[in-house]
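Engineer:
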Amino acid sequence: MLNFILLAIAITGIIALLLVGYISNLKFRQKLARVDQKKVDQNLIQIKDLEVSNPVLAVIEADKLLDYVLKGASSKGGFTDRLKSQEYRLTNVQATWDSHKLRNR
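In terms of the numbering used here, the sequence shown is residues 148 to 252.
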């Protein structure tokens with residue numbers, strides 16, 4: 148039960164970070180011109196549906212979606228480097244990092 152709660156918190160945190168980071172300011176949005184908004188929207192819907200039926204898969208998909216958006220903003224380095232480069236735009240980087248580590252277990 149505790150794992151399920153942690154997964155739900157992780158999913159919610161990743162989704163919130165995606166949304167806040169994605170619309171935070173014009174420069175960021177301009178950099179994200181190569182990000183397919185329709186793909187992001189569809190994946191967010193899929194992730195919300197998976198939250199209840201398959202929370203583990205929801206965390207994996209949310210992590211992949213965040214990485215896709217981060218690549219659109221900064222293509223340098225791996226996930227960690229991209230996350231650090233956008234750290235000032237995100238509200239809770241530690242929760243995102245914890246979710247990413249949880250996903251990779």
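Glycine included, C-beta positions come from ideal geometry on N, C-alpha and C.
Are the beta-carbon atoms of LEU212 and ASN239 separated by less than 7 Å?
Structural biologist: Against a cut-off of 7 Å, the Cβ pair of ASN239 and LEU212 comes out as no contact.
Engineer: On the three-state DSSP scale, how would you describe ASP254?
Structural biologist: Outside the shown range of the chain (148 to 252) lies residue 254, about which nothing can therefore be said.
Engineer: Quick one: what does DSSP say GLN184 is sitting in, helix, strand or coil?
Structural biologist: If DSSP states are grouped into helix, strand and coil, GLN184 belongs with the helices.
Engineer: Could you tell me which of LEU197, TYR235, LEU204 and GLN184 sits nearest to HIS247, measuring between CA atoms?
Structural biologist: Comparing Cα positions, the closest option is LEU204.
Engineer: Could you check what DSSP says for ASN190 in three-state terms: helix, strand or coil?
Structural biologist: Helix.
Engineer: Alpha carbons only, please: which of ALA155, VAL199 and VAL216 is nearest the one belonging to GLN184?
Structural biologist: It is VAL216.
Engineer: When DSSP labels each residue in this structure, what does ARG252 get in the three-state scheme?
Structural biologist: ARG252: coil per DSSP, three-state reduction.
Engineer: What separation, rounded to the nearest whole angstrom, lies between the Cα atoms of PHE226 and ASP214?
Structural biologist: Their backbone Cα atoms lie some 6 Å apart in a straight line.
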